[in-house]
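Everything below concerns the one structure shown next.
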Amino acid sequence: MQDDYRADVAVIGAGIMGTAIVTRLIETGHKVFVFDLDTEKVAALEAKGARPAGSVEEAVSRSAFCVLSLNHANIVRAVVFGEKGVAAAANADKVLIDMSSIDPADTADMAARLRRETGMAWVDCPLSGGVPGALSGRLTIMAGGSAEDFERARVVMRHLAANYTLMGASGAGQTTKLINQLFCAVLFQAVAEAVKLAEAGGVDPAAIPTALAGGRADNRIMQEFMAKFAARDFSPTGRIDNMLKDLDSLQAFALKTKTPLPMTGSVVEIHRLLCAAGLGARDSAEMMRLLDGFQPG
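Those letters in the sequence shown? Residues 1 to 297, by the UniProt record's numbering.
In structure tokens form, the structure reads like this:
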């Protein structure tokens with residue numbers, strides 16, 4: 001792979017993450033074709049240098065790589081195999097890079113079907129690091145697919161990810177993302193509870209990350225979010241309902257594999273409670289409202 005090579009890339013999905021991915025790819029020299037049903041989002045990306053496409057098929061036909069940034073497996077399936085979808089323009093020279101977070105079994109099924117029907121490769125590349133990671137090219141990407149296809153996708157991933165790891169066959173990346181979400185969800189709840197305990201004991205919660213740095217309890221969630229939670233800073237960094245979507249997938253996978261997850265189960269229900277209270281579209285810091293007496297505002 002030549003270091004100066006830049007690919008033509010189709011990006012399907014111009015939501016928060018899709019917009020960040022497109023922005024980063026444009027800034028690093030790729031020609032990017034974008035499709036989204038929301039034409040205003042596409043227009044905003046066009047102003048940054050993206051090329052709007054009239055359909056998924058058109059975007060893929062003009063690109064060597066197709067990046068998906070979508071919310072659910074049923075949406076991914078419709079975009080790939082539906083009318084004027086990815087499969088309509090697919091061939092063995094192209095690579096699909098699915099950066100959505102969806103069910104591992106659905107991923108493996110769709111990857112096999114796309115290869116069988118069109119020859120097009122599929123690499124599942126769910127991410128961790130959010131918008132800041134995408135914009136700075138510092139994402140953590142846990143990938144699933146063949147070693148050959150993993151390397152082919154590196155042309156794009158090298159400009160988005162600081163940590164790009166092949167975890168196994170198709171679906172393995174999605175399984176690893178579920179594990180990532182397990183850690184994040186449990187740690188967010190732990191941080192919220194630690195804030196309350198510190199406050200009850202007369203300790204400044206914002207001082208805890210410095211005090212525990214380098215010890216066994218140290219972790220990035222605590223370092224990045226404890227002061228935010230302590231300040232009741234509810235500015236958006238990630239949606240509770242998006243986390244619940246991933247946690248529901250995690251529980252479904254655990255049920256299918258008969259894997260006991262007692263602590264995760266409790267955290268899932270806390271997320272469900274917050275969504276039921278109308279806080280699903282808000283930040284994980286809203287966990288503090290529950291511990292403060294559950295007074296949504």
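Cβ atoms here follow ideal geometry from the backbone N, Cα and C, with glycine treated the same way.
In DSSP terms, what Ala-121 is bridged to: As a working mapping, residue 121 is identified with position 121 in the sequence shown. Val-95, per the DSSP bridge assignment.
State the Cα-Cα distance for the pair Ala-20 and Leu-273, rounded to the nearest angstrom. Taking the sequence shown and counting its residues from 1, the one referred to as residue 20 is at position 20. Taking the sequence shown and counting its residues from 1, the one referred to as residue 273 is at position 273. So the alpha carbons of these two residues sit roughly 30 Å apart.
Just to confirm my understanding: we take Leu-114, look at its own chain, exclude 5 residues before and 5 after, and list those with CB closer than 6 Å. What are they? Reading the sequence shown from its first residue, position 114 is the one you call residue 114. Excluding residues within five positions, the ones whose Cβ falls inside 6 Å are Met-120 and Trp-122.
Going by beta carbon distance, what residues of the same chain come within less than 7 Å of Thr-23, once the five residues before and after it are set aside? As a first step, residue 23 must be located in the sequence shown, where it is residue number 23. Lys-48 and Leu-135, listed in sequence order.
Own chain partners of Phe-183 with C-beta closer than 6 Å, once the 5 adjacent residues on each side are dropped: Numbered from its first residue, the sequence shown carries residue 183 at position 183. Cβ within range, chain order: n/a, list empty.
Does the region 76 to 88 come close enough to the region 138 to 151 that 3 or more CB-CB pairs lie under 8 Å? no
Phe-234 (DSSP reduced to helix, strand or coil): Counted from its first residue, the sequence shown places residue 234 at position 234. Here Phe-234 sits in coil by DSSP.
Please state the DSSP three-state secondary structure of Arg-239. On the sequence shown, position 239 is the one that residue 239 refers to. In the structure shown, Arg-239 sits in a strand (DSSP, three-state: E or B).
Residue from Ala-231, Ala-194, Ile-12 and Ala-111 with nearest C-alpha to Val-79: In the sequence shown, the residue the question calls residue 79 occupies position 79. Minimum Cα distance to Val-79 is reached at Ile-12.
Give me, in chain order, the residues of the same chain whose beta-carbon lies closer than 7 Å to that of Pro-296; leave out the 5 immediate sequence neighbours on both sides. In the sequence shown, counting from the first residue as 1, residue 296 sits at position 296. For Pro-296, the predicted structure reports a pLDDT of 48, less than 50, and the residue's modelled location is therefore unreliable. A value from the coordinates is still provided. The residues are Ala-277, Gly-278, Leu-279 and Arg-289.
Cβ-Cβ distance between Gly-173 and Ala-108 below 8 Å: Stepping through the sequence shown from its first residue, residue 173 is reached at position 173. Stepping through the sequence shown from its first residue, residue 108 is reached at position 108. Their beta carbons are not under 8 Å apart, which means Gly-173 does not touch Ala-108 by this criterion.
Mark Met-222 as exposed unless 16 or more other C-beta atoms lie within 10 angstroms of its C-beta, in which case mark it buried. If you number the sequence shown from 1, residue 222 lands on position 222. That one is buried.
4 or more residues per run - each alpha helix (DSSP H) lying fully within the region 6 to 92: 16 to 27, 39 to 46, 56 to 61 and 73 to 81
Where does Asp-103 fall in DSSP's three states? Here residue 103 refers to the residue found at position 103 of the sequence shown. Coil at Asp-103, not helix or strand.
For Thr-140, list the residues DSSP reports as bridge partners. Mapped onto the sequence shown, residue 140 falls at position 140. Thr-140 is bridged to Ser-128 and Asn-163.
Determine the direct distance from the alpha carbon of Pro-260 to that of Ser-284, and round the result to whole angstroms. Taking the sequence shown and counting its residues from 1, one reaches residue 284 at position 284. Taking the sequence shown and counting its residues from 1, one reaches residue 260 at position 260. C-alpha separation (whole angstroms): 25 Å.
Using 10 angstroms around the beta-carbon of Arg-232, count the other beta-carbons present and answer buried if the total reaches 16, otherwise exposed. Here residue 232 refers to the residue found at position 232 of the sequence shown. By the neighbour-count rule (16 or more Cβ atoms within 10 Å), Arg-232 is not buried but exposed.
Considering only the alpha carbon of each residue, which of Gly-15, Asp-38, Ala-43 and Ala-10 lies closest to Val-32? Here residue 32 is taken as the residue at index 32 of the sequence shown, counted from 1. The option with the nearest alpha carbon to Val-32 is Ala-10.
In the region 145 to 198, which residue ranges form an unbroken beta strand (DSSP E) of at least 3 residues, counting only runs that do not cross its ends? 161 to 168
Grab me the residues of Ser-61's own chain with a C-beta within less than 6 Å of its C-beta, minus the 5 sequence neighbours each way, in chain order. Along the sequence shown, one-based indexing puts residue 61 at 61. The answer, listed in chain order, is Ala-89.
For Ser-235, does the count of other Cβ atoms within 10 angstroms reach 16, so buried, or fall short, so exposed? Reading the sequence shown from its first residue, position 235 is the one you call residue 235. Result: exposed.
Since Ala-198 contacts Pro-209 with CB under 8 Å, what's their CB separation in whole angstroms? For the purposes of this step, residue 198 is taken as the residue at position 198 of the sequence shown. For the purposes of this step, residue 209 is taken as the residue at position 209 of the sequence shown. Not confirmed; about 11 Å, so no contact.
According to DSSP, simplified to helix, strand and coil, what is Asp-283? The sequence position of residue 283 within the sequence shown is 283, counting from 1. The answer is strand: DSSP assigns Asp-283 an E or B state.
CB Met-110 to CB Val-76, shorter than 8 Å? Position 110 of the sequence shown holds residue 110. Position 76 of the sequence shown holds residue 76. Going by C-beta atoms, Met-110 is nearer than 8 Å to Val-76.
Can you give the beta carbon distance from Cys-125 to Met-167, rounded, assuming they're within the 8 Å contact cut? The residue you call residue 125 lines up with position 125 of the sequence shown. The residue you call residue 167 lines up with position 167 of the sequence shown. That pair is no contact at about 10 Å.
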